[in-house]
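J.: What follows is a structure written as structure tokens; I'll ask about it next.
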Amino acid sequence: MTILVTGGAGFIGSNFILDWLDAVGEPVVNLDKLTYAGNPDNLASLGNDPRHAFVCGDIGDKELVGRLLARHRPVAIVHFAAESHVDRSIHGPDDFIQTNMVGTFRLLEEARAYWSGLPATEQRAFRFLQVSTDEVYGSLGPQDPAFTETTPYAPNSPYSASKAGADHLVRAYHHTYGLPTLTTNCSNNYGPYQFPEKLIPLMILNALSGKPLPVYGDGLNLRDWLYVGDHCAAIREVLAKGRPGETYNIGGLNQKTNLEVVGTVCAILDELKPDSPFRPHDALVTFVRDRPGHDRRYAMNTARIERELGWKPRESFESGIRKTVGWYVDHAEWVARISSGQYSEWVSLQYGNG
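Using this note's numbering, read the sequence shown as starting at 1286 and increasing by one per residue.
Below you can see the structure in the form of structure tokens.
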């Protein structure tokens, strides 16, 4: 009952593999290109676990993907591999189009060829699960209802446009070829192993070292925050019980402004680091020029996945963020290894002209 996971050394992918092996225990083939955000350290706890086979490679390498499918005969492909940071997509959209759209197309082609050759019973059991984002739906006004699975797509950044294109390809491969696909659209994830370009780990690590905490614009952009462990559990439910061709929204039901998130992180650090010379940490907050085309609000309606699959998030924002901050405080070695020169150059580029 092997599954193939793409992007399994990244933030959500590595958390999913750890969760899968703990909860399900079936083998995983992990295909990851190991770009800047792919980190083998995320899976160091697996050691030489025979259930986990890591392959360094590109989802766009059709020959490699074809060989892996033929050799391991997975019952499902769980597709996390993506360029995923809006700011990077603004500076360099080409990588996003190549990975998120062209890469997904090539992966779908290989998945279709493999699936077409399976016996009928294995064809019916096979699944291709596309892990996507709430950003494909665009931006909400203050009083607008939350996104549902039928909300029209209206992406506003090169990143969200590339994910929207990939979602459309996945849908088309189901309706045109019959490939049994599933799509999940999730809200903002946070938790252990997240690369520190994203808001929460960036704030934690900057605060611990006394650096400015850069907040875009007025800091009132609103997001729904989903703890990564809850997201992994939701994906397992969709993979096991979701209906082919359908989309499922996954959210944490925790809408917070960026400023609220940063304030909560600072308050927890004040508790955990009472002797820090940088207390109170919220004194480090620095407002910087807003991101171009910055979406104002996202919110997810999760009624379908609750009603059809019985999933609800277990973590509140308060419990999840406390676990997250504590994890980064306790894993200084992981932080030191990932905070490379390349990452420092990126932070300087993105926030240096605030």
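The C-beta atom is built at its ideal place from N, Cα and C for all residues, glycine as well. Just so we're clear, the structure is a prediction, and the values are computed from it rather than from any experiment.
1. Does the Cβ of Gln1428 have 16 or more other Cβ atoms within 10 Å, making it buried, or fewer, making it exposed?
2. What first and last residue would you give for the beta strand (DSSP E) that runs through Ser1445?
3. Under DSSP, the alpha helix (DSSP H) around Tyr1319 begins and ends at which residues?
4. Roughly how many angstroms lie between the CA atoms of Gly1307 and Pro1481, to the nearest whole one?
5. Suppose you measure from the CA of Leu1414 to the CA of Ala1568; what does that come to, to the nearest Å?
6. Report yes if the C-beta distance between Gly1476 and Asn1300 is below 8 Å; otherwise report no.
7. What span of residues does the alpha helix (DSSP H) with Gly1555 cover, start to end?
8. Output the boundary residues of the alpha helix (DSSP H) element that contains Asn1300.
9. Hey, how far is the Cα of Thr1468 from the Cα of Arg1582?
10. Under 7 Å: does the beta carbon of Gly1293 sit that close to some heavy atom of the ligand GTP?
11. Between the alpha carbons of Phe1432 and Trp1510, how many angstroms are there, rounded?
12. Can you tell me whether Asp1580 is buried or exposed? The criterion is at least 16 other CB atoms within 10 Å of its CB, across all chains shown.
13. Within this structure, are the beta carbons of Ala1617 and Val1550 separated by less than 8 Å?
14. Along the chain, where does the beta strand (DSSP E) containing Phe1413 start, and where does it finish?
15. Pull the bridge partners of Phe1432 from the DSSP assignment, please.
16. Taking the C-alpha atoms as reference points, what is the distance between Pro1359 and Trp1596?
17. Quick check: Tyr1478 and Thr1466, are their CB atoms within less than 8 Å of each other?
18. Would you report the Cα separation of Gly1450 and Phe1381, rounded to the nearest angstrom?
19. Is Thr1287 near Leu1316, with beta carbons less than 8 Å apart?
20. Taking Pro1660 and Leu1538 to be in contact with their CB atoms under 8 Å, please state how far apart those CB atoms are, rounded to whole angstroms.
21. Go ahead and label Arg1373 buried or exposed: buried means 16 or more other beta carbons lie within 10 angstroms of its beta carbon, across all protein chains shown.
22. Taking the beta strand (DSSP E) that Pro1499 falls in, what are its first and last residues?
23. Roughly how many angstroms separate the alpha carbons of Trp1400 and Lys1347, rounded to a whole number?
24. Less than 8 Å separating the beta-carbons of Thr1571 and Leu1498?
25. Span of the alpha helix (DSSP H) holding Leu1425?
26. What residue from Thr1436, Leu1354, Glu1394 and Glu1600 has the CA that sits closest to Asp1419's CA?
27. Is Asn1474 closer than 8 Å to Ile1302 when the C-beta atoms are compared?
28. Along the alpha helix (DSSP H) that carries Trp1596, what are the first and last residues, could you check?
29. Take the Cβ of Asp1515 as the centre, count every other Cβ of all protein chains shown within 10 Å, and call the residue buried at 16 or more, exposed below.
30. His1283 by DSSP, collapsed to three states: which one?
31. According to the Cβ coordinates, are Val1416 and Val1363 closer than 8 Å?
32. In the DSSP output, what is Val1360 paired with across the bridge?
33. Compare the beta carbon distance of Asp1452 and Val1421 with 8 Å and say whether it is the shorter of the two.
T.: Quick answer:
1. Answer is exposed; the Cβ neighbour count stays below 16.
2. The continuous stretches of beta strand (DSSP E) do not include Ser1445, which lies in the alpha helix (DSSP H) extending over residues Pro1443 to Tyr1462.
3. Note that residue 1319 corresponds to Leu in the displayed sequence, not to Tyr. For Leu1319, no alpha helix (DSSP H) encloses it, and the DSSP letter there is neither H nor E.
4. Note on identity: in this sequence residue 1307 is Asp, with Gly being the wrong assignment. Between Asp1307 and Pro1481, the C-alpha separation is close to 26 Å.
5. Rounded to whole angstroms, Leu1414 to Ala1568 spans 43 Å at the Cα level.
6. Yes.
7. One point to set straight first is that residue 1555 is Asp, not Gly, in the sequence displayed. From DSSP, the alpha helix (DSSP H) with Asp1555 extends over Asn1543 to Leu1557.
8. Unbroken alpha helix (DSSP H) run through Asn1300: Phe1296 to Ala1308.
9. Answer to the nearest angstrom: the Cα atoms are 22 Å apart.
10. Absent from the structure shown: the ligand GTP. Ligands present: none.
11. So the two alpha carbons sit approximately 14 Å from each other.
12. Buried is the call here.
13. No, the pair does not count as a contact, with Cβ atoms beyond the cut-off.
14. DSSP places Phe1413 inside the beta strand (DSSP E), whose first and last residues are Arg1412 to Thr1418.
15. Answer is Met1585, bridged to Phe1432.
16. Between the alpha carbons of Pro1359 and Trp1596 lies a distance of about 25 Å.
17. Not in contact: Tyr1478 and Thr1466 (Cβ atoms no closer than 8 Å).
18. Taking the straight line joining both Cα atoms gives about 11 Å.
19. Cβ atoms of Thr1287 and Leu1316: not closer than 8 Å.
20. The first residue shown for the chain is 1286 and the last is 1639, placing residue 1660 beyond what the model contains.
21. The C-beta of Arg1373 has 16 or more other C-beta atoms within 10 Å across all chains shown, which makes the residue buried.
22. Counting along the chain, the beta strand (DSSP E) containing Pro1499 begins and ends at Leu1498 to Tyr1501.
23. Answer to the nearest angstrom: the Cα atoms are 15 Å apart.
24. The answer is yes: Cβ separation under 8 Å.
25. Counted as a single uninterrupted DSSP element, the stretch harbouring Leu1425 is not any alpha helix (DSSP H), since DSSP gives it neither H nor E.
26. Closest option to Asp1419, Cα to Cα, is Thr1436.
27. No; because the gap between Cβ atoms is not below 8 Å, this pair is not in contact.
28. No alpha helix (DSSP H) contains Trp1596, which DSSP labels as neither H nor E.
29. Residue environment for Asp1515: buried (at least 16 other C-beta atoms within 10 angstroms of its C-beta).
30. Because the chain is modelled from 1286 through 1639, residue 1283 falls outside the range shown and cannot be assessed.
31. Taking 8 Å as the cut-off, the beta carbon of Val1416 is found closer than this to the beta carbon of Val1363.
32. Per DSSP, none; premise fails for Val1360.
33. Taking C-beta atoms as the reference points, Asp1452 and Val1421 count as a pair closer than 8 Å.
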